[in-house]
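Okay, structure first, notes after.
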Amino acid sequence: MNQYKHLADSVVYSTRGLKAALIHKDPSLKLIGEGRSAFAFRIDGTNLVLKVFFPQFEKVAAEEAGIYRELAGNPFFPSLHKSGNNYLVMDYVRGMTLYQCLVNGMPIAAGHIEDVDQALKLAREKGLNPSDIHLRNIIITPDDEVKLIDVARFRQTKQCSQWEDLKSVFYKYYRHERFPKKMPEPAMNLIAYFYKRGLLPSIN
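Per UniProt numbering, the sequence shown starts with residue 1, numbered consecutively.
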């Protein structure tokens, strides 16, 4: 049996409303992320991540696998190694997300923002439409490189302003000497809540 399918099949969870709770997994899997559509695990002894999608999101798994294949060779995205009906196997990316940088006070530089722009430019040259770019899917590695993850929405047709909004905040506010470089997590979550509901004033 395919070892990755075996690992994906070991994942058991329960749901209550929109929330999934992990019940069981193979001992070699370490949970490193959980979202609306999937759990992400690091596979012990490897530099690989196994992303296991919930049954109702298997189409998302296929979509994301196809997008990662189109991004092959783009140095700003992890490589896809294997995929199945409900799972992806890709590079494990060490580092801190931009969200974690803000919570922990790790400086974000203009060069990081420029790298994200370059990553998205290269993706557009493949005919993709990068969308849903937010603080939790941009990672700064220990080598000070930028990596982007979670690309399932890179084919949607509508225009997404999230990255342009984040850039505006960076250039207009974050770089100012008095702007706090470390923000408490509750404040970050409150800002995200108001942003998603369109309750923040325009920053462009």
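Heads up, the beta-carbon is just placed ideally off N, CA and C, and yes, glycines get one too.
Asked	Found
Would you identify the three-state DSSP class for Tyr92, choosing helix, strand or coil?	coil
Have a look at Cys160 and Ile43 and give me their C-alpha separation to the nearest angstrom.	33 Å
Need the endpoints of the beta strand (DSSP E) that Arg124 sits in, please.	Counting along the chain, Arg124 falls outside any beta strand (DSSP E), though it belongs to the alpha helix (DSSP H) covering Ala110 to Arg124.
What first and last residue would you give for the alpha helix (DSSP H) that runs through Val103?	Leu98 to Asn104
Quick one: give me the first and last residue of the beta strand (DSSP E) that Glu34 is part of.	Leu29 to Glu34
Output the distance between the C-alpha atoms of His134 and Gly198, rounded to the nearest integer angstrom.	15 Å
On a Cα-Cα basis, can you pick out the residue from His24, Ser14 and Leu148 that is closest to Met90?	Leu148
Take the Cβ of Val146 as the centre, count every other Cβ of all protein chains shown within 10 Å, and call the residue buried at 16 or more, exposed below.	buried
Helix or strand or just coil, what does DSSP make of Ser168?	helix
So, at 8 Å on beta carbons, what are the nonlocal neighbours of Asn137 in its own chain, with the 5 sequence-adjacent residues on each side left out?	Thr97, Leu148, Ile149 and Asp150
Considering Cα atoms alone, identify which of Phe57, Ser131 and Ile108 is closest to Phe170.	Ile108
In the DSSP assignment, find the beta strand (DSSP E) that holds Leu80 and state where it starts and stops.	Leu80 to Ser83
Using only CA atoms, which one of His81, Trp163, Val60 and Ala38 lies nearest to Val52?	Ala38
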